Amino acid sequence: MVTWLDQKMSGTVHVSASTTGPLALAPAPTVAPAAAPAVAAVPAAVAAAPAGASLAEFQQAILTVISERTGYPVDLIELDLDLEADLSIDSIKRAEVAGEVAQRLSLSVEGDESELEDLVKARTVRAMVTWLDQKMNTTVTATVTVAAPAAVPAAPPASVAAPAVAPAVSPAPTEVGVGIAPKRLVARESVQPGQRVDPGTLAGMRFLITGGGPVGAYLAELLGAHGAGGQLGVLDSEQADQGFDGVLVLDGLTNLDEPLLPAVFPLLQRALAAGPRWLLAAGAQDVAGAADGMPGLFRTIAREYPGLTARFVAVDPAATPEVLARQLLDELLTAADAPVVARRGDGRYVADLVPVELGALAAGGAGPAGDGVSEAAAIGLERDSVVVLIGGARGITPWFARALASASGCRIELVGRTPLPSGPEDPELAAATDRAALVGVLARRGLSSPAEISRTAQAVLAAREVTATIAELTELGGEVRYHALDVRDAAATRALLAAIHAEYGRLDGVVYAAGIIEDKLIAEKDPASFTRVFDTKVDGARGLLAGLDALPGAPRFLVFFGSIAAAYGNRGQADYAAANDALDAIGTRYAARTGVRTVTVHWGPWAPGAGHGGMVTAELSREYARRGIGLIDPEEGALALLRELAWADASVTSVVYTASGW
C-alpha cells in the first residue's frame, strides 16, 4: 500500500472518479478472491496528493487509519499478520480504510478493477505491499474497487446469473439499515425437460464414475456407446484431478445410510480444480439422509463455476439401474440450467421459488392486528408454555424470543455456546462500548497477540449481547433462563431437554438456530473448515432430534433457522449452503415421522435493529444499501414466523422469507 501511494505521488494519474452514485460491479476474475467477489466502490478524493510526502508519511497514514478503525495500536499491526484471521479486517473494512487514507492524503485513487481484486486476495500487509510495489510508475485509469466478503447470507455478485425465476418482492430501500417486511416464497415443482445437446459431444470424453454399483456400470456402458470413456472409481478417488471431462458421484444411490457430506467435499474440490465440463451427483434425498446438503452445495457450485454443467439429480430409488443410468445420461446431454433436478418416471422436475401468501388471517390476525397475540393463541402458547431456543441468545433469534415474550409471556429457555461472566464486568472494559474501544483497552493491558485480543473482545461482546437479551426478555414479562451448552455435544443436549421437560412437565416448542460461518470460495476452502461448518449445524440438529425423541411427549412445533444461501446457493458459502439445505431435509423427515409441526425458514438478510443485534454488520448493511439489496425488518421478521406457525399449511415444511430478489 505504501509503495502504491508513493506511485500516485510521482507517476501519472488519470482522474475519472465519481461520487454521485454506486459503480457498476466488476465481472468475476479468473481466479476468485478468498471472499465472495461482490464489489464495493472505494470513495476517492478529487484533488491530487501534495508533492514531497515520504514513504514514511504514507505508512503512518495507513497504520493510523487501520488503528482508528480497529482499535489495535500501531505497533501491533505487523506486516505478516493475516488481515482477516488476526486483525478481523474484512474486505469491506479494507475498502473503507483505503478510502479514508486517500482522503487524508488528498489523493485521487484509481486503478484497474481486476488487478485490485488481486490485491484483495492478499492475506497479509506484506503481500499487499509487494503487489502494490509492482505497480510503481504505471498509468492507472479505472476506478478502484475491492471485493466484498460473503455474509450470512451474502448477496450474489453481478457476475453470477440471477435465479431462473426471480421472486417477485418489493423493491429494496437504499437507506442504510432500513428494513422492510419480508415476502414468503415456497418451492413449486414443474416439468422442465431442458434443452438437449448433440450426443456427439460425448465422443472422446473421459468420465470418472464413483459409486452407484450396477447404475455406475450401466452408465459406463452407455457412455461407451457414445464414444466416451467411463472409468469406475471410489468416493475418495485420487484420480479426480487427473483431467477428466466429467466426474459423476453416484455413491448416494448405493449407501443410503451413509451421508455423502462432508466426506465427499475433498473429491468435488479436486475435481473442480481440474476444470471439468460436467460435475453430476445423484441421490435419493426424500428417502434417506445420504444426500443431505447436496442440493445446496450444487447450487453454490453452479454460482462459483458458471461455465460448468453442475447438477444434483434426485432420483427414485425404486427405479431399475438401467432406468437410472439412462436418466443420468440424459442429464449429461441437457444443457446447463437448473443445478438441482428431480427425475420421477418419465418426468424431469425443477422447483422454483414463488410468492405464496398465507391468507386473510395472516394479514390481519384473528385479534389485535400486528402484536402476535392471536398468532400465539393459534399456536397454542400461553403463560405456562415452554419454548427452547438453541442459539437463541444472540443474532436474529432473540427477536423471535421477544415476540414470544410479548405475545404470550411464556417461559423461554435460551441455549448458546457463550459462557456468561460470574460477576459484574470490569469497569474499564464496561466503558469500552464498541469493538474498537474494547480492542484498545485489551491491547493496553498487555495482550500482545492480535488474535488473542480479537478472541477476547469477541467473547466480551458476545456475553454482553446474551446478558442484554436476558434482561429485555425479563422486562417484557417472560420467564427466561440461559444455559451455556455446545449443541454438538449430543449427550449434553439430551440431558438439558430431559431436565427442562422434567421440571415443567412439557416442552411446547423448539427453535434451532445454531451455526457458524467460515466463508471461502470452494477453490480455497480448507476441507476441515467445510466439515466444521457443516457438522456444527447438522450434527447439532441430529442430536437435538435424538433428545426430543427421548422425551415422554413431542413438542407442538419445531423451527429450524436456515439460510437463503441454501435455497439459491451463494458464492463463498458452499459449506453454509449445504448445511442449511441438510437441515431442511432433516426437518422434513422429522415431520413425516412424528407429525410434529416442523418448518425450516430460509431467511434473507436482516437489518440491524435499534439497540439490538442483527444478521449483518453496519459495514455490510451499507454495502447492501449501495447495491439495492433489501433487508428484513427484525420486528416484521419475528411476526412473520409467528404467522407462519399459526396460519400456514402444516404440510409446507420449508419456506423462504426475504426482503428482495436474490
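Going by the working numbering, the first residue of the sequence shown is number 456, and it counts up by one from there. Ideal Cβ placement from N, Cα and C applies to all residues, glycine included. Please read all numbers here as calculations on a predicted model, not as lab measurements.
Buried versus exposed call for residue i [16 or more other C-beta atoms within 10 Å across all chains shown]
i	result
Pro-1007	exposed
Gly-1027	buried
Tyr-1112	buried
Pro-731	buried
Ala-728	exposed
Gln-515	exposed
Ala-490	Residue placement at Ala-490 is poorly supported in this model, since its pLDDT is 37, which falls under 50; the coordinates still yield a value, given next. By the neighbour-count rule (16 or more Cβ atoms within 10 Å), Ala-490 is buried.
Gly-960	exposed
Met-456	For Met-456, the predicted structure reports a pLDDT of 49, less than 50, and the residue's modelled location is therefore unreliable. The matter cannot be settled from this model.
Gln-462	Confidence at Gln-462 is low in this model, with a pLDDT of 38, below 50, so the placement of that residue should be treated as unreliable; the coordinate-derived value is given next. Label assigned to Gln-462: buried.
Asp-963	buried
Asp-1030	buried
Val-689	exposed
Val-529	exposed
Val-486	Reliability fails at Val-486, whose pLDDT of 32 lies under 50, so the model's placement of it is uncertain and no value is given.
Glu-958	exposed
Arg-1052	buried
Pro-1063	buried
Thr-852	buried
Glu-713	exposed
Gly-827	buried
Inter-residue CB distance, residue i and residue j (contact presumed, cutoff 8 Å)
i	j	result
Arg-1098	Leu-813	6 Å
Ala-1095	Pro-637	6 Å
Val-1014	Tyr-967	7 Å
Asp-696	Arg-651	Contact doesn't hold; Cβ gap of about 30 Å is too wide.
Glu-927	Arg-857	7 Å
Leu-940	Leu-951	6 Å
Thr-579	Asp-545	Actually they do not touch by this definition, with Cβ atoms about 14 Å apart.
Val-841	Ile-1019	About 30 Å separates the two Cβ atoms, so there is no contact after all.
Glu-837	Ser-861	Incorrect: roughly 14 Å between the Cβ atoms, too far for contact.
Residue interval of the beta strand (DSSP E) (run including residue i)
i	result
Asp-545	Run containing Asp-545: none; DSSP gives neither H nor E here.
Tyr-967	964-967
Trp-711	Residue 711 is actually Leu in this sequence, not Trp. Per DSSP, Leu-711 belongs to no beta strand (DSSP E) and is neither H nor E.
Ala-686	Rather than Ala, the amino acid found at residue 686 in this sequence is Gln. Its beta strand (DSSP E) spans residues 684-688.
Tyr-760	Unbroken run through Tyr-760: none, as it is neither H nor E.
Asp-807	802-810
Trp-733	733-738
Gly-671	That residue, Gly-671, is in no beta strand (DSSP E); its alpha helix (DSSP H) goes 669-680.
Glu-644	638-646
Tyr-1112	1109-1113
Ile-851	No beta strand (DSSP E) holds Ile-851; DSSP gives it neither H nor E.
Ala-769	764-770
Ala-1021	From DSSP, Ala-1021 is part of no beta strand (DSSP E) but of the alpha helix (DSSP H) over 1019-1023.
Leu-844	841-845
Ala-797	795-799
Trp-1058	1052-1058
Residue span of the alpha helix (DSSP H) that contains residue i, given as start and end
i	result
Gln-724	720-728
Phe-699	Run containing Phe-699: none; DSSP gives neither H nor E here.
Tyr-1045	1029-1049
Leu-784	776-787
Gly-1092	1089-1102
Ser-829	828-834
Ile-664	Element bounds for Ile-664: not the alpha helix (DSSP H) but the beta strand (DSSP E), 661-665.
C-beta atoms of residue i and residue j nearer than 7 Å
i	j	result
Trp-854	Pro-1089	yes
Arg-803	Pro-648	yes
Leu-705	Gly-666	yes
His-1057	Gly-1085	no
Ala-891	Thr-519	no
Pro-905	Tyr-673	no
Ser-1109	Asp-1036	no
Met-749	Ala-739	no
Val-988	Ile-971	yes
Gln-686	Leu-663	yes
Pro-982	Pro-794	no
Thr-755	Gly-1024	yes
Val-680	Met-660	According to the sequence as given, residue 680 is Ala; it is not Val. Contact flag unset, no.
Ala-969	Val-993	no
Leu-784	Leu-677	yes
Any non-hydrogen atom of the ligand PLP within 6 Å of residue i CB
i	result
Tyr-760	This structure simply doesn't include the ligand PLP, nor any ligand for that matter.
Which runs of the alpha helix (DSSP H) at least 4 residues long sit entirely within the region 917-965? Give them in chain order.
Here the runs fully enclosed are 945-959.
Quick check on the DSSP output: what are the complete alpha helix (DSSP H) runs of length 4 or more inside the region 964-994, in order along the chain?
Qualifying alpha helix (DSSP H) stretches: none in this window.
Fully enclosed by the region 855-893, which beta strand (DSSP E) runs are 3 residues long or longer?
Counting only unbroken stretches of 3 or more residues, the beta strand (DSSP E) elements lying wholly within the region 855-893 are 866-871, in sequence order.
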